[in-house]
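Structure first, commentary second.
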Amino acid sequence: MENKNILFFLTPKSQVAYCLDTFTLRQVVEKMDFHHYAAMPILNKKGKYIGAITEGDLLWTIREKNELNYQASEKIPLKEIKLRRTYNPVKISSTLESLMDLIENQNFVPVVDDNDIFIGIVTRKSVLKEFERQMKEEE
Numbered sequence: 478m479e480n481k482n483i484l485f486f487l488t489p490k491s492q493v494a495y496c497l498d499t500f501t502l503r504q505v506v507e508k509m510d511f512h513h514y515a516a517m518p519i520l521n522k523k524g525k526y527i528g529a530i531t532e533g534d535l536l537w538t539i540r541e542k543n544e545l546n547y548q549a550s551e552k553i554p555l556k557e558i559k560l561r562r563t564y565n566p567v568k569i570s571s572t573l574e575s576l577m578d579l580i581e582n583q584n585f586v587p588v589v590d591d592n593d594i595f596i597g598i599v600t601r602k603s604v605l606k607e608f609e610r611q612m613k614e615e616e
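Sequence positions in the sequence shown follow the working numbering and run 478 to 616.
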């Protein structure tokens, strides 16, 4: 993978579904359901990467709120949902090695600029496809 940098694998923000930290539980559930995602990045209004919400986070929240229904989910802000897993980002200027360290344990790695503004993600799938392509080339 020499001569490649993080940009090579980047799915840009314009092609990534994400949640804003102003969303409610219901909005998060609807967006994750629509896109069929198990986890999504969370951004603030300025575009700064905050973290990632997972289906597990939603399930734990629903479990903790004993009498939660769909209407009640409109009143629970995303900011009140405990994020149980950390999706660490990489800077766009980071090395591929630092990306690989994270992609091993995360389905996707958020990519941010030097001001922590979200610019996209690198998926484990995109990295594996490139490895596969290179292996076929070497045969």
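Backbone N, C-alpha and C fix where the C-beta goes; we use that ideal spot for every residue, glycine too.
This structure is a prediction, so every number in the text was calculated from the model and none was measured.
*According to DSSP, is Lys568 helix, strand or coil?*
strand
*Could you please give the first and the last residue of the uninterrupted beta strand (DSSP E) stretch that includes Leu520?*
516–520
*By Cβ distance, which residues of its chain are closer than 6 Å to Arg693, with the 5 residues on each side in sequence left out?*
This structure cannot settle anything about residue 693, because the visible part of the chain is limited to 478 through 616.
_Nearest-angstrom Cβ-Cβ length linking Val589 and Val599, presumed shorter than 8 Å_ = With a Cβ gap of about 12 Å, Val589 and Val599 do not count as contacting.
*Of the residues Thr488, Lys508, Arg562, Glu541, which one's Cα is nearest the Cα of Leu497?*
Lys508
*In chain order, what residues of the same chain have a beta carbon less than 8 Å from the beta carbon of His512, not counting five sequence neighbours either side?*
Ala494
*Buried or exposed: which applies to Phe485, given that a residue is buried once 16 or more other Cβ atoms fall within 10 Å of its Cβ?*
exposed
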